[in-house]
Amino acid sequence: MCFGLSVPALASNTDEFGKVMPEDIINAIKIFFYEQTADSPIQAKMDVILLSEDDKNEMQKMYAQKLLNEIPVPYSSHGYYAKMYINNTNRNYSSCSITLPDSSKISVSSGSNLFLYGGFSSSVEADLGLQYSTQYDVWKCFMTISGSGYFLANRDEATWQNGYLPETTVSIVCIPYNASTNIDNSGYGTVGTVVLKAYGLAKHKTQDGQGGSTSLTSVMESNTVFNLTKVNTHKWVTSIGGSANSTGYNIGVFKDITINGIIQPSSNFKTDDSDGLYTFSNKGNGTITMTIKN
Numbered sequence: 002m003c004f005g006l007s008v009p010a011l012a013s014n015t016d017e018f019g020k021v022m023p024e025d026i027i028n029a030i031k032i033f034f035y036e037q038t039a040d041s042p043i044q045a046k047m048d049v050i051l052l053s054e055d056d057k058n059e060m061q062k063m064y065a066q067k068l069l070n071e072i073p074v075p076y077s078s079h080g081y082y083a084k085m086y087i088n089n090t091n092r093n094y095s096s097c098s099i100t101l102p103d104s105s106k107i108s109v110s111s112g113s114n115l116f117l118y119g120g121f122s123s124s125v126e127a128d129l130g131l132q133y134s135t136q137y138d139v140w141k142c143f144m145t146i147s148g149s150g151y152f153l154a155n156r157d158e159a160t161w162q163n164g165y166l167p168e169t170t171v172s173i174v175c176i177p178y179n180a181s182t183n184i185d186n187s188g189y190g191t192v193g194t195v196v197l198k199a200y201g202l203a204k205h206k207t208q209d210g211q212g213g214s215t216s217l218t219s220v221m222e223s224n225t226v227f228n229l230t231k232v233n234t235h236k237w238v239t240s241i242g243g244s245a246n247s248t249g250y251n252i253g254v255f256k257d258i259t260i261n262g263i264i265q266p267s268s269n270f271k272t273d274d275s276d277g278l279y280t281f282s283n284k285g286n287g288t289i290t291m292t293i294k295n
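Every number in my numbering is 1 more than the matching position in the sequence shown, counting from 1.
Next up, the structure:
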């Protein structure tokens, strides 16, 4: 049996598109084909095909390989970085806005990747932020917590070809979650977990290649409860990750740097680097630009 997947635009004069996530396909027993046009937007033609077990197995293999091919290079602790940090002894959250560089201004060797992120050090080390996908020229959310491994946002709106767009500004909030840091009354998070919240302008492309840009909020939460009692330092980092042989160039423009919503004076900033060639510039209250080259 030959089959395909069609997710066309609901109407050519709107920004809304049908969406089918890969995990929905893998778990499906049916495929829905539908077609709508701008000329007759409410007269959709829909066909439903019931999959046999052989068909379903074939779909699972196809999409499993597709997902494997499209996940960016995994995070590694090896590499080079430029870091700004602020000492703190409370369980406070931090936030900042990051201006994502244009692809013409960054580079990275094969087998490595670029990161712009925040995070904190306490009884655990947490790196929370954005990882560049060289394949799709977008930035995707990632989270690493010492002892808990590496997590990449690959099952939500910021997946596949989608992610935050270069030359836009993305805001991130890094939260060692407890009852006093439930910001914006958002109600997300489990007491004792670590949460990353990111929001900005992202690419949205459907499986059949249609799409545009969209406002996106992503939330990642640790699957481990840490019950942190304090945060020793908050940090903001520009990094080239991969191995001791990694080469490349990365630039992070960090603005609106806050702890518990309070803009931090530049007098609180402490800077650090790991080999490579690094530059700290445009240093001001709540603002710093960090570049790293190797």
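No residue lacks a Cβ here, since even glycine has one placed at the ideal position from N, Cα and C.
Note that the coordinates shown come from a computational prediction; the quantities given were computed from them, not determined experimentally.
Check: Where the beta strand (DSSP E) containing residue 118 begins and where it ends; Outcome: 114-122
Check: Inter-residue spacing [alpha-carbon to alpha-carbon] between residue 133 and residue 139; Outcome: 6 Å
Check: For residue 239, the nearest candidate out of 175, 114, 178, 233 (CA to CA); Outcome: 114
Check: Three-pair Cβ contact test at 8 Å for the segment 219-237 versus the segment 191-210; Outcome: yes
Check: CA nearest to the CA of residue 143, picked from 117, 126, 166, 167; Outcome: 117
Check: Under the three-state DSSP convention, the category residue 55 falls into; Outcome: helix
Check: Straight-line gap, residue 256 to residue 95 (C-alpha atoms, nearest Å); Outcome: 12 Å
Check: Close beta carbons around residue 218, own chain, < 6 Å, minus the five adjacent residues each side; Outcome: 200
Check: Backbone secondary structure at residue 275 - three-state DSSP; Outcome: strand
Check: Bridge partners - residue 270, DSSP secondary structure assignment; Outcome: According to DSSP, residue 270 bridges with nothing at all.
Check: For residue 105, three-class secondary structure by DSSP; Outcome: helix
Check: Same chain, Cβ closer than 6 Å to residue 202, neighbours up to 5 away in sequence not counted; Outcome: 166, 169, 214
Check: Assigned secondary structure, residue 299 (DSSP; H/G/I helix, E/B strand, else coil); Outcome: The question about residue 299 has no answer here: the residues shown for the chain are numbered 2 through 295.
Check: Assigned secondary structure, residue 227 (DSSP; H/G/I helix, E/B strand, else coil); Outcome: coil
Check: Stretch-stretch touch, CB-based, cutoff 8 Å, three pairs: the segment 269-276 with the segment 85-93; Outcome: yes
Check: Cβ-based burial, residue 136 [other Cβ within 10 Å; buried from 16]; Outcome: exposed
Check: Nearest residue (CA-CA) to residue 125, options 174, 55, 230, 261; Outcome: 230
Check: For residue 228, the nearest candidate out of 243, 177, 206 (CA to CA); Outcome: 177
Check: Pairwise C-alpha distance: residue 236 and residue 262; Outcome: 15 Å
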